[in-house]
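Under the working numbering, the residue at position 110 of the sequence shown is numbered 116, and the numbers go up by one with no gaps.
Below is one structure, written out as structure tokens; the observations come after it.
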Amino acid sequence: IFLMLEFGMHFVFYREENAKHLNVIGGDSSNVLGVAVFNFTLLMTIPSWMNEKSPNVSVNHTIWGSMTAAALSFAMIGILGALATEKAADNMLQTLAAPGMPTLTRLSAFLFGVVIIGFGVPVSCIVIRYNIGLGKMLSPSSATFISTVLPWLLSWTLYQGHRALDVISYTGMVVNGLVNLVFPLVLTLAITAPTFLPRRRPVLFQPLSATDVLPIPREWESSRPALFRALLALTIPAIVIATGLKIVSELSGT
7 IFLMLEFGMH FVFYREENAK HLNVIGGDSS NVLGVAVFNF TLLMTIPSWM NEKSPNVSVN
67 HTIWGSMTAA ALSFAMIGIL GALATEKAAD NMLQTLAAPG MPTLTRLSAF LFGVVIIGFG
127 VPVSCIVIRY NIGLGKMLSP SSATFISTVL PWLLSWTLYQ GHRALDVISY TGMVVNGLVN
187 LVFPLVLTLA ITAPTFLPRR RPVLFQPLSA TDVLPIPREW ESSRPALFRA LLALTIPAIV
247 IATGLKIVSE LSGT
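Here's what the structure looks like:
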């Protein structure tokens with residue numbers, strides 16, 4: 007919270023007198039959806055968290071509360087940062103940590119990278135290993151290698167240029183877009199909507215027992231199939247269009 011407040015105050019202090027940098031659609035929107043989806047890919051961590059959380063912890067309050075806070079934080083930093091920065095780097099922390107910035111801002115950017123992002127890496131490794139082990143897909147040693155060692159062996163090649171942004175954009179759109187958005191909606195409809203799969207459903211798609219975890223307000227439950235179909239109708243074209251824009255941007259060299 008302190009680091010977010012420091013960044014916000016820095017942007018307010020250095021903001022421009024007009025909103026000429028705050029465009030609804032910028033000159034290059036090929037990375038927008040991929041990065042946005044990448045930043046909200048918490049779905050893969052929910053099963054592990056639900057298995058380990060205390061029984062008295064509310065799933066709905068935790069998920070909705072954290073996602074609302076994250077969305078508001080992204081919006082605040084994005085808007086204030088755009089007003090204060092004429093041309094930011096792919097990684098905003100690089101701009102905040104650049105020479106010429108106030109010492110406190112540079113120190114906060116460094117701490118954010120180490121404490122927030124850096125400490126999040128081991129947590130992600132643990133969750134990935136947990137999910138692989140729970141699914142009994144690989145041996146414990148193989149799961150440890152894939153979740154902990156392999157990412158470090160590959161990530162060092164992405165430190166220069168725009169490679170990290172490209173990987174985040176593509177994985178956000180294609181991998182995370184499918185795993186965190188499309189597949190859960192399809193699976194939920196396959197389980198809860200009898201007409202979604204006209205053929206006989208396999209044992210995996212048999213009706214589930216009742217639960218107190220509701221992803222949407224209780225009043226909307228009767229409209230859940232229609233709502234999820236509408237979300238699919240919006241999500242799939244958005245992923246396809248965003249991926250196409252990214253490929254065109256890559257081919258044109260912009």
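Beta carbons: idealized from backbone N, C-alpha and C, even for Gly.
Just so you know, these numbers come straight off a predicted model, no measurement behind them.
By the Cβ criterion, the stretch 42–54 is in contact with the stretch 133–150, since at least three pairs of Cβ atoms, one from each stretch, lie closer than 8 angstroms. Counting C-beta pairs with one atom in each stretch, the stretch 143–160 and the stretch 125–134 have three or more that are closer than 8 angstroms, which means they touch. Per DSSP, R224 lies in no alpha helix (DSSP H) and is assigned neither H nor E. For Y136, the enclosing alpha helix (DSSP H) starts and ends at F125 to L140. Under the three-state reduction of DSSP output, G14 falls in the helix class.
The three-state reading of DSSP puts S147 in helix, counting H, G and I together. Rounded to the nearest whole angstrom, the C-alpha separation of S79 and P190 is 26 angstroms. As the crow flies, the alpha-carbon of V38 is around 23 angstroms from that of I69. DSSP places G106 outside both helix and strand once states are collapsed to three, so it counts as coil.
When the beta-carbon positions are compared, L9 and L117 come within less than 8 angstroms of each other.
N62: not part of any alpha helix (DSSP H); DSSP gives it neither H nor E. Taking the Cα positions, G14 is about 42 angstroms away from G141.
With respect to S175, K252 sits close: the two C-beta atoms are nearer than 8 angstroms. Per DSSP, the continuous alpha helix (DSSP H) segment holding E58 begins and ends at I52 to E58. In the three-state DSSP reduction, L257 falls in the helix class (H, G or I).
Distance between P108 and P61, taken at the CA atoms: about 45 angstroms. Per DSSP, the unbroken alpha helix (DSSP H) holding L191 starts and ends at F189 to T198.
Straight-line spacing of the CA atoms in G126 and S72 works out to 15 angstroms. Using a Cβ distance threshold of 8 angstroms, F46 and T177 do not count as a contacting pair. Counting of Cβ neighbours within 10 angstroms places F19 among the exposed residues, the total staying below 16. For L156, the enclosing alpha helix (DSSP H) stretches over residues L156 to S161.
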